[in-house]
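Taking it in order: structure first as structure tokens, then the write-up.
Number of protein chains: 4
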Amino acid sequence: MTTTSPATTTRTESTAVRTGVWFVGARGSVATTAVAGCAAVTAGLHPATGMVTETPPFADTGLPALSTLVFGGHDTASCPLPKRAEALTAAGVLPHGLPTAIHAELAAADQEIRAGGPQPGDTRSDEELIDSFADDLRDFARRTGVARTVVVNLSSTEPQPAPDDPRLPASSLYAAAAIRAGCSYVNFTPSTGLRTEALTAAAEAGGLPHAGRDGKTGQTLLRSVLAPMFVQRALTVRAWSGTNLLGGGDGAALADPAAAAAKNAGKERVLADTLGTAPEGEVHIDDVPALGDWKTAWDHIAFDGFLGSRMILQTIWQGCDSALAAPLVLDLVRLVARAHEAGLSGPLPGLGFYFKDPDGGPAALAEQFEALLAFAERLKETR
Amino acid sequence: MTTTSPATTTRTESTAVRTGVWFVGARGSVATTAVAGCAAVTAGLHPATGMVTETPPFADTGLPALSTLVFGGHDTASCPLPKRAEALTAAGVLPHGLPTAIHAELAAADQEIRAGGPQPGDTRSDEELIDSFADDLRDFARRTGVARTVVVNLSSTEPQPAPDDPRLPASSLYAAAAIRAGCSYVNFTPSTGLRTEALTAAAEAGGLPHAGRDGKTGQTLLRSVLAPMFVQRALTVRAWSGTNLLGGGDGAALADPAAAAAKNAGKERVLADTLGTAPEGEVHIDDVPALGDWKTAWDHIAFDGFLGSRMILQTIWQGCDSALAAPLVLDLVRLVARAHEAGLSGPLPGLGFYFKDPDGGPAALAEQFEALLAFAERLKETR
Amino acid sequence: MTTTSPATTTRTESTAVRTGVWFVGARGSVATTAVAGCAAVTAGLHPATGMVTETPPFADTGLPALSTLVFGGHDTASCPLPKRAEALTAAGVLPHGLPTAIHAELAAADQEIRAGGPQPGDTRSDEELIDSFADDLRDFARRTGVARTVVVNLSSTEPQPAPDDPRLPASSLYAAAAIRAGCSYVNFTPSTGLRTEALTAAAEAGGLPHAGRDGKTGQTLLRSVLAPMFVQRALTVRAWSGTNLLGGGDGAALADPAAAAAKNAGKERVLADTLGTAPEGEVHIDDVPALGDWKTAWDHIAFDGFLGSRMILQTIWQGCDSALAAPLVLDLVRLVARAHEAGLSGPLPGLGFYFKDPDGGPAALAEQFEALLAFAERLKETR
Amino acid sequence: MTTTSPATTTRTESTAVRTGVWFVGARGSVATTAVAGCAAVTAGLHPATGMVTETPPFADTGLPALSTLVFGGHDTASCPLPKRAEALTAAGVLPHGLPTAIHAELAAADQEIRAGGPQPGDTRSDEELIDSFADDLRDFARRTGVARTVVVNLSSTEPQPAPDDPRLPASSLYAAAAIRAGCSYVNFTPSTGLRTEALTAAAEAGGLPHAGRDGKTGQTLLRSVLAPMFVQRALTVRAWSGTNLLGGGDGAALADPAAAAAKNAGKERVLADTLGTAPEGEVHIDDVPALGDWKTAWDHIAFDGFLGSRMILQTIWQGCDSALAAPLVLDLVRLVARAHEAGLSGPLPGLGFYFKDPDGGPAALAEQFEALLAFAERLKETR
């Protein structure tokens, strides 16, 4: 699969208009990698490996060019992006020399990061917080002159909210602010975000497209290609067990059992949806700080073949979480911004390819890829 | 995915007519397992796990019922099938008690096995051998009254033939005999079989359908689902290395480097076809008699993600070769016999799902499954 | 390493005297495999693979011959041993045909199994239970005429007892009964057993030897050979993570977090003892009934090499739990009975080779093997 | 295991005298990493992870301090060491910033590298070449004033020499030159080096110690700890299969089947020596340039347990070849130089811990470590 040549890219993408990208969790590893990677690819320093939207099927879909993306966001942390990029370089996530080469872009994005909240001791009501976040979004758009903004949730996974909690989880406050400010929305985490009846309805009413939930970057990606194989070959999966080892912030957040439960719900859904029934087996997420931003996922699948013969498939996936996530985030930003421009609203099931817990559509990756290609065709037709 | 209920099966399959199944290599593990498994499933002793043709999409395609299959074949070995089945039971391939329960069916198939050839010291010409084999096929059909016969090559992998060898390889002699006797043909091995210009033309001229080559049962099956994932996600595969450990007759045959080369050609084709270019990496096939009929395949895939990050996927597949192959063989027999009945001739690219080195069609398993479903629809339309 | 020839065995082992073996958990998989295996090896049906006491260093240590062992035990379950053996055969643990071949020995052992307790609703005090169990042991010795009896705890892992519980855990009631009846004692599980100050003192006072705790059959066995390698090579282990998948009764018992905690304490001890400090990483034990008596342990070890280079070792151990445990149980029975005969009393640190959580001695397997050989020498000297 | 504190190091090591280290293959990855690592540890930039001679048992053995080592060597390549170090940094072998920090030490070593030979078209006889190399060694000693020099073979693995080849392999020319110039010798590769009758005798006659052959850095290291476990537990290893993937120069050199054969002989020896018989199974070494200096070794061990139960252990070792080898090379340099100083001559079986194919001594790592500690004691006694 060859990537689009620069000439083609220039011809087919809109460059006159600029698009805002607002990361909730803007100082995290994924956001930093996305900002750095966008600058690196734009500057021709690296190929666009991992970005599906840079492949030929998306050549004439009118996606915003990477060079037209303007980054900002919320984060309660204060470490400047150039320094975060240096840390990611030391950790082997970003290539050496990159933070220096694209220092200007990192510094520019850093200028557009606001503190967000709620901070500990914050006495503001949900409504006040939403208003405050929405103001930040409107200010950003005004200041930068972007035509439209996509808000992307990249913050640490929240515990699953208690059913009787009167307050909205933080992820939903940001989602509500996006809707209020007329922005489209992407939830790359398993947190609630826009997945409440009221917020989904508000997005629909506002004519705003959105996509989610929980980016599919490793173990679940594999599961969504392997589970269909067993079904297609009429093999009976008896047990599917898995363990994930990950360091970094994600590992620490998921060491909270409630957060892990939120994450695992998505992981197990793909098996139940594909196999027709949930097999035996558990999924563990371990915080292993020594691994830094690298993660390892081991899966053990016990299945029956002809005449009850017992067989085993095991997989070991060793990847860099931020490097897996960032190109998908850039893909989603471009696709959702373009959908917004094209007048599409509500959930976009054509983007299920990117998510563990998608807004409808098929569960098998091959079918999700077909749906994504169909979505690209639809974008072409609206030009 | 639920299997077809017996009631449905009875309703939709042709039972009045009997279909011949002629195995070249009729005393081997795969053939023995296929005969035993067909009897076991027919008798309701085991579910049809691993048989795709027993799943709902094939319910109304008019496939011959398993109970209507009549087995025979060629083999230079002389160990009777019931004894072979006992050995496979001791090796953990067949369930305990099964050889006793289906002794009659094994003995009946054993009666229909002929010696084949060429034996060492055999002075017959290619033409004489083809005639002799074709006579065996015609005698079988006459004696058993089957409406048509499918010849299936299950014999040990041959070395790749020298380009200037004046004689046909044994697999092609049997393929020629199938055509001469008006039988359809399936090549489940990497040997040449029908893959010569003259034989392919003869099959076409005879109005005979055929399918091949090299059943896709383990490592290549996995590769045909994993390689598309890397392409769809725009990840760059740098190296794909693999080692297969297998005992049994197959392991010994493939210890011959020329035979292994034939097998590996198919394995590597799926990568080159899917990825667009052949990655670095080798494939080894080791004969490990201690493993008996069980095989283990380890794959190591080095790929690049965003900004050149280096990642690794490893897979370990532990399966029973005969139990993986036999249900696919029964599937192919039914599909090719039905295609013959429906008047289809020549290669059947809709069956690429089953092969490492198919007669055209896509290389990705998901697309091959779509093609197989389309083939099933076509069969329905011809009823 | 060659096994002792039968001639040697006869010459060096005591056969005139019979030794009692009393299993707490006498109808479980390990006990059934031990009884069946002892009979099979005695009858010459199978080699003594996995029995260290059948190797040359133990030839002249005066161990009781396998043919002189007389089995009995406690179990609250009621399924007869011959039937349990059939079930283990169907599960692939015992070889086919074995239960029939040694039916007499299984039936004889079955006759010597008593109900034990405490049963649900049992109102007997701890003292009454201990007396009752000790009576069973004395009756067994009287009836069978054995010179001495070794009590072996093979029952399901108990939850770690609460510190303020006035009652003894069941495993300690059986251990107390062993002491009261003048029997030596082996604890092959992580349960408390004899590990209380009072019981240890009582064993010492009674001149009774004992050994424990928690048989080392898989993941921890590996850890006790791999951890020393890292130390000897001055490599820094950063994180050691593991997941165990096991079905059968053990898997179900260990699905109880309190029982798993008892088990994991032993597993982690070997790392801390060997590495000098406990590395990052967790251990999971998953109940996967589909695996039956087979277990799989995956370990992932992240370590630092020269100049901080990050490296990884992963291990996958696939074994049959009962087949791993049973020969060690027979070894321990022989060694502890012989120690009793030789007048040794109290804990036997020379047997740390067999345990996750031994009674003192080194933690590295190689040193434990040295200690075991020294113990064998000591036995020779007492003849 | 704690490393020796700097205070202790200063107290116990000789610093007045300087020791020469002459690498054959001085511009290769291992040599570059050894020079860079020695400087980095001396400067306190990194701990001495992986260096066994920096652990407490070696504190009072009188080893030359790292700061007293003076590097030089032969290499037919011409890329300067500082540039090689930059390349190793880009490949993730050396830490970022290190080449700059220790530029002076790299440049100094680079000044002491001579071209060696034989170059293509070189018409010099074996004797002339040996003389020329010995002159280089004497010049180095004179110029630098080192008290003695250790020659270490780190060059690419040679094909196994033909028995009737009248000329010595290059590795033996260098070994002969070492002896002629009065230097001790270490062979870290599987090439012939000093392993000829004549050269071994010459070393003995010259009173020179030597050690070899083939550094044990990965798969064989593991095998030397795992194989004894199977023996100690009386488990029967049926088959031991392995595949190594490695890039870099080593991978390319070993893609030559004759070179791979030399390497594999050592790998298989440890199994035969430990298990008493060579199990089934092959070892593959694949050149996978995409892996760079990182190597992956997969081992699959099929073994029998009690009553013939079939079990499997698999290991996956992912390491950086140069980072594994370099600290061992520095260890060997110090130990052999000290042995030379102490008047030891001939092969040093106490150093078998470091080699796949050692000069006698035990094959199990634990016993080799004991032998190494005994060797350290012997050094202490000679102070």
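Chains as they are written, first to last, in my numbering: chain E, 212 to 594; chain B, 212 to 594; chain U, 212 to 594; chain G, 212 to 594. Note that CB positions come from ideal geometry on N, CA and C, so glycine has one too. Source: prediction; values computed, not measured.
CB-CB under 6 angstroms to residue i, same chain, minus the five flanking residues each way: which ones, in chain order?
i: residue 544 of chain E; result: 232, 361
i: residue 538 of chain B; result: 261, 262
i: residue 246 of chain G; result: 282, 320
i: residue 587 of chain U; result: 268, 269, 272
i: residue 573 of chain E; result: 579
In or out: residue i buried (at least 16 other Cβ within 10 Å) or exposed?
i: residue 533 of chain B; result: buried
i: residue 330 of chain G; result: exposed
i: residue 531 of chain G; result: buried
i: residue 435 of chain B; result: buried
i: residue 575 of chain B; result: buried
Nearest to residue i by CA position, among the options, is which residue?
i: residue 366 of chain U; options: U:316, U:318, U:401, U:571; result: U:401
i: residue 577 of chain G; options: G:389, G:331, G:440, G:396; result: G:440
i: residue 589 of chain E; options: E:568, E:575, E:562, E:569; result: E:562
i: residue 433 of chain B; options: B:459, B:423, B:451, B:306; result: B:451
i: residue 239 of chain U; options: U:290, U:522, U:377; result: U:290
i: residue 571 of chain B; options: B:314, B:306, B:560, B:550; result: B:560
i: residue 550 of chain G; options: G:592, G:288, G:310; result: G:592
i: residue 498 of chain U; options: E:485, E:469, E:453; result: E:453
Might you give, ordered along the chain, the residues of its own chain that have their beta carbon closer than 7 angstroms to the beta carbon of residue i, omitting 5 neighbours on each side?
i: residue 444 of chain U; result: none
i: residue 491 of chain E; result: 449, 450
i: residue 341 of chain U; result: 384, 387, 388, 391
Residue i by DSSP, collapsed to three states: which one?
i: residue 434 of chain B; result: helix
i: residue 359 of chain B; result: strand
i: residue 285 of chain U; result: strand
i: residue 566 of chain B; result: strand
i: residue 384 of chain U; result: helix
i: residue 307 of chain G; result: coil
i: residue 369 of chain B; result: coil
i: residue 327 of chain U; result: coil
i: residue 341 of chain U; result: helix
i: residue 440 of chain E; result: helix
i: residue 446 of chain G; result: coil
i: residue 541 of chain E; result: helix
Measuring only the C-alpha atoms, how far is residue i from residue j?
i: residue 228 of chain U; j: residue 276 of chain U; result: 9 angstroms
i: residue 579 of chain G; j: residue 478 of chain U; result: 26 angstroms
i: residue 528 of chain G; j: residue 381 of chain U; result: 43 angstroms
i: residue 437 of chain U; j: residue 324 of chain U; result: 40 angstroms
i: residue 299 of chain U; j: residue 471 of chain B; result: 39 angstroms
i: residue 354 of chain G; j: residue 407 of chain G; result: 31 angstroms
i: residue 351 of chain E; j: residue 430 of chain E; result: 36 angstroms
i: residue 234 of chain U; j: residue 363 of chain U; result: 5 angstroms
i: residue 420 of chain E; j: residue 517 of chain B; result: 27 angstroms
Please compile the residues from chain A whose C-beta is within a distance smaller than 9 angstroms of the C-beta of residue i.
i: residue 307 of chain E; result: The structure shown contains no chain A; the protein chains it does contain are E, B, U and G.
Excluding the 5 residues flanking residue i on each side, which residues of the same chain have their C-beta closer than 8 angstroms to its C-beta?
i: residue 525 of chain U; result: 509, 510, 511, 512
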